[in-house]
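To start, the structure under review is shown below, and the notes come after it.
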Amino acid sequence: MPAWTESLSVGVPVLDEHHRHLFHLLATLDGMAGGSVGQDAVRSVFDDLNGYIAYHFAEEEAMMARADFPFLELHRHSHQTIAMRVADMSAELSMANVERVIRELHDFLVGWLVHHIEIEDFEYRPFLSGDK
Ligand SMILES: [Fe+2]
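The UniProt record's numbering puts the first residue of the sequence shown at 1, with every later residue one more than the last.
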């Protein structure tokens, strides 16, 4: 399972902290896979995740706007796609498919967290960290 390391730093401490928290939620999910977890426990991680994603994206977008980041609209679109995908998985969750939904969400987050941070978030690094 991937973990946050310095190599994923976007140069803005508060955003690194957000990203670390997202990896923490991923680890929580990992702990749930394969066990006999109830729908309520998984639902609560989904709720945390949906809420935290919305909060994190809004903060990131506000900082990009303040820094006149030129690709804000593109980045915002990518955020919307991610948030919608997580919301869809959340809506799919039912008693019958807890394990499958955990696995799907886990695989999606592994791919997204690293890909989105390394490829897309790194684009704003020079604008937000002040070393343009
Ligand atoms: Fe982002």
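Virtual Cβ for every residue (Gly too), placed ideally from N, Cα, C.
Ligand 1 heavy atom lying under 7 Å from the CB of residue i
i, result
"His-79", "yes"
"Glu-99", "no"
"Asp-121", "yes"
"His-75", "yes"
"His-18", "no"
"Glu-60", "yes"
"Ser-106", "Note on identity: in this sequence residue 106 is His, with Ser being the wrong assignment. No, the beta carbon of His-106 sits no closer than 7 Å to any heavy atom of ligand 1."
"His-115", "no"
For residue i, the three-state DSSP class (helix, strand or coil)
i, result
"Asp-88", "helix"
"Thr-5", "coil"
"Pro-126", "helix"
"Ser-78", "helix"
Endpoints, alpha helix (DSSP H) assigned at residue i
i, result
"His-21", "13-32"
"Glu-99", "98-115"
"Ser-44", "39-66"
Beta carbon of residue i nearer than 8 Å to that of residue j
i, j, result
"Leu-26", "Leu-113", "yes"
"Phe-57", "Ala-83", "yes"
"Phe-122", "Val-10", "yes"
"His-106", "Leu-29", "yes"
"Ser-78", "Asn-50", "no"
"Glu-17", "His-75", "no"
Touching by the beta-carbon criterion (3+ pairs, under 8 Å), the segment 31-43 and the segment 51-67: With a cut-off of 8 Å, the segment 51-67 and the segment 31-43 do not count as touching, because too few Cβ pairs lie within range.
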